[in-house]
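Visitor:
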Amino acid sequence: MSIDKTVATAAEAVADVGDGATLAVGGFGLCGNPMALISALVDSGVTGLKVASNNCGVDDWGLGLLLRAGQIDKMTSSYVGENKEFERRYLTGELELELTPQGTLAERLRAGGSGIAAFFTQTGVGTQVAEGGLPRRYHPDGTIAVASEPKQVQQFDVDGELRDFVLEEAIRTDFALVHAEVGDRHGNLIFNKSARNFSPLAAMAGRVCIAQVERLVEPGELDPDCIHLPGVYVHRVVEVGTDIEKRVERRTVQEA
């Protein structure tokens with residue numbers, strides 16, 4: 172019996188994402204952003220979202236669309252990037268921000284999808300990442316409303332030397348949104364080059380993973396050795412076509 176995970180539209184795919192939901196979203200800068208799914212969430216009017224993603228797009232693209240509409244309450248990110256609205260909302264207390272080192276963020280997502288509750292890493296030892304005090308939300312007057320808590324630090328023997336490691340908790344979310352170049356009806360996905368970035372990790376972290384794909388193929392058409400994310404992690408697939416708009420965050424050219 173075939174398991175067909177396809178849905179007809181992006182709106183249908185995100186219809187049960189409710190107010191206050193937690194999301195893991197693939198993408199790096201503007202590369203690999205699941206724009207059809209993000210736009211469908213904007214249209215749905217859902218609010219209070221708590222999003223884990225490397226960054227928050229730009230003012231008029233990527234997750235920046237949800238931010239501009241006031242639909243995101245918290246971001247867990249490693250990079251604020253080029254988004255002026257992100258900066259404004261954070262500094263005025265409209266947005267909570269959990270800044271996380273990029274490699275740590277990737278591993279927190281992977282751990283969440285692998286059933287690992289937490290892990291120790293050297294990244295952040297001796298800084299506010301471990302010691303606490305990082306502003307997570309400001310008051311409108313600029314004073315700190317919420318600061319990060321201290322994390323557990325433990326020593327481990329590394330090549331005969333005791334070193335400090337900080338405990339980081341896994342990220343597990345209600346939903347994951349990712350963009351893939353090709354997918355089949357069983358949810359097996361192939362990403363295009365650097366658009367792979369955080370997407371497999373974000374997909375793993377979501378209890379319900381929703382994938383938009385440029386091209387939908389039948390089960391068995393994909394070479395098993397070429398699949399980047401097996402369908403066991405994916406619950407819904409929506410085809411968005413190959414002519415979708417793809418933006419470049421910062422275009423660099425040189426004179427001819």
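For the sequence shown, the working numbering assigns the number 172 to the initial residue and increments by one for each residue that follows. Just so you know, even glycine gets a beta-carbon here, dropped at the ideal spot from N, CA and C.
Comparing alpha-carbon positions, which option in 246, 328, 367, 278 lies nearest residue 400?
Guide: Counting from 1 along the sequence shown, the entry for residue 400 is found at position 229. The candidate whose alpha carbon is nearest that of residue 400 is 367.
Visitor: According to DSSP, is residue 172 part of a helix, a strand, or is it coil?
Guide: Your numbering for residue 172 matches position 1 in the sequence shown. Low confidence applies here, because residue 172 scores a pLDDT of 43, under 50, leaving its location unreliable and the question unanswered by this model.
Visitor: Provide the residue(s) that pair with residue 294 in DSSP beta bridges, ordered along the chain.
Guide: The count along the sequence shown starts at 1 and reaches residue 294 at position 123. Its beta-bridge partners do not exist; DSSP assigns none.
Visitor: Within 10 angstroms of the Cβ of residue 365, are there 16 or more other Cβ atoms? Answer buried if so, exposed if not.
Guide: The count along the sequence shown starts at 1 and reaches residue 365 at position 194. Classification for residue 365: exposed.
Visitor: Output the distance between the C-alpha atoms of residue 424 and residue 416, rounded to the nearest integer angstrom.
Guide: The count along the sequence shown starts at 1 and reaches residue 424 at position 253. The count along the sequence shown starts at 1 and reaches residue 416 at position 245. For residue 424 and residue 416, the distance between alpha carbons rounds to 20 Å.
Visitor: With distances taken from CA atoms, which of 344, 350, 392 is nearest residue 189?
Guide: The sequence position of residue 189 within the sequence shown is 18, counting from 1. The candidate whose alpha carbon is nearest that of residue 189 is 344.
Visitor: Are there three or more Cβ pairs, one per stretch, closer than 8 Å when the stretch 344-357 is compared with the stretch 312-329?
Guide: With a cut-off of 8 Å, the stretch 312-329 and the stretch 344-357 do not count as touching, because too few Cβ pairs lie within range.
Visitor: Assess, as a yes-or-no matter, whether the stretch 199-211 is touched by the stretch 175-191 under the definition of 3 or more beta carbon pairs within less than 8 Å.
Guide: yes
Visitor: Tell me where the alpha helix (DSSP H) around residue 210 begins and ends.
Guide: Residue numbering aside, residue 210 sits at position 39 when the sequence shown is read from its first letter. 206-215 is the extent of the alpha helix (DSSP H) around residue 210.
Visitor: Kindly confirm or deny that the stretch 220-230 and the stretch 195-210 touch, where touching means at least three C-beta pairs closer than 8 Å.
Guide: yes
Visitor: Please classify residue 327 as buried or exposed, where buried requires at least 16 neighbouring CB atoms within 10 angstroms.
Guide: Walking along the sequence shown from the start, residue 327 turns up at place 156. Counting Cβ neighbours within 10 Å, residue 327 comes out exposed, since fewer than 16 surround it.
Visitor: Please confirm whether residue 420 and residue 384 have their CB atoms less than 8 Å apart.
Guide: Within the sequence shown, numbered from 1, the residue matching residue 420 stands at position 249. Within the sequence shown, numbered from 1, the residue matching residue 384 stands at position 213. Cβ atoms of residue 420 and residue 384: not closer than 8 Å.
Visitor: Go ahead and pull the three-state DSSP assignment for residue 354.
Guide: Position 183 of the sequence shown, counting from 1, holds the residue named residue 354. In this structure, residue 354 counts as strand in the three-state DSSP scheme.
Visitor: Let me check one thing: in DSSP terms, what residues is residue 306 bridge-paired to?
Guide: As a first step, residue 306 must be located in the sequence shown, where it is residue number 135. In DSSP, residue 306 forms a bridge with 318.
Visitor: Between 285, 286, 287, 302, which lies nearest to residue 293 when the distance is taken from Cα to Cα?
Guide: Numbered from 1 along the sequence shown, position 122 holds the residue referred to as residue 293. When only C-alpha atoms are compared, the closest one is 302.
Visitor: Express the C-alpha separation of residue 273 and residue 223 in angstroms, rounding to a whole number.
Guide: Along the sequence shown, one-based indexing puts residue 223 at 52. Along the sequence shown, one-based indexing puts residue 273 at 102. One C-alpha to the other measures close to 12 Å.
Visitor: Please go through the stretch 259-294 and give each complete alpha helix (DSSP H) segment of 4 or more residues, from N-terminal end onward.
Guide: 273-285
Visitor: Taking the alpha-carbon positions, what's the residue 378 to residue 240 distance?
Guide: Counted from its first residue, the sequence shown places residue 378 at position 207. Counted from its first residue, the sequence shown places residue 240 at position 69. So the alpha carbons of these two residues sit roughly 25 Å apart.
Visitor: Using DSSP with H/G/I as helix, E/B as strand and the rest coil, what is residue 416?
Guide: To locate residue 416, count along the sequence shown from 1; it is residue 245. Looking at residue 416 - three-state DSSP - the assignment turns out to be coil, as it is neither helix nor strand.
Visitor: Roughly how many whole angstroms lie between the Cα atoms of residue 393 and residue 355?
Guide: As a working note, residue 393 is residue 222 in the sequence shown. As a working note, residue 355 is residue 184 in the sequence shown. In a straight line, the C-alpha of residue 393 is about 8 Å away from that of residue 355.
Visitor: Does DSSP put residue 334 in a helix, in a strand, or in coil?
Guide: Residue mapping note: residue 334 aligns to position 163 of the sequence shown, counting from 1. In the structure shown, residue 334 sits in a strand (DSSP, three-state: E or B).
Visitor: In terms of DSSP beta bridges, what is residue 381 paired with?
Guide: For the purposes of this step, residue 381 is identified with residue 210 of the sequence shown, where counting begins at 1. Looking at the DSSP assignment, residue 381 forms a beta bridge with 348, 407.
Visitor: How big is the Cα-Cα spacing for residue 413 and residue 261?
Guide: Translated into the one-based positions of the sequence shown, residue 413 becomes position 242. Translated into the one-based positions of the sequence shown, residue 261 becomes position 90. Cα-Cα distance, rounded: 35 Å.
Visitor: Applying the 10 Å Cβ sphere with the 16-neighbour rule, what's the burial state of residue 172?
Guide: Numbered from its first residue, the sequence shown carries residue 172 at position 1. A caution first: residue 172 carries a pLDDT of 43, below 50, which makes its placement in the model too unreliable to give a value.
Visitor: Would DSSP call residue 341 helix, strand or coil?
Guide: Here residue 341 corresponds to residue number 170 of the sequence shown, with the count starting at 1. Residue state, collapsed to three classes: coil.
Visitor: Tell me the residue span of the alpha helix (DSSP H) that contains residue 186.
Guide: As a first step, residue 186 must be located in the sequence shown, where it is residue number 15. No alpha helix (DSSP H) contains residue 186, which DSSP labels as neither H nor E.
Visitor: Could you give the residue range of the alpha helix (DSSP H) that holds residue 238?
Guide: Walking along the sequence shown from the start, residue 238 turns up at place 67. Bounds of the alpha helix (DSSP H) holding residue 238 are 235-239.
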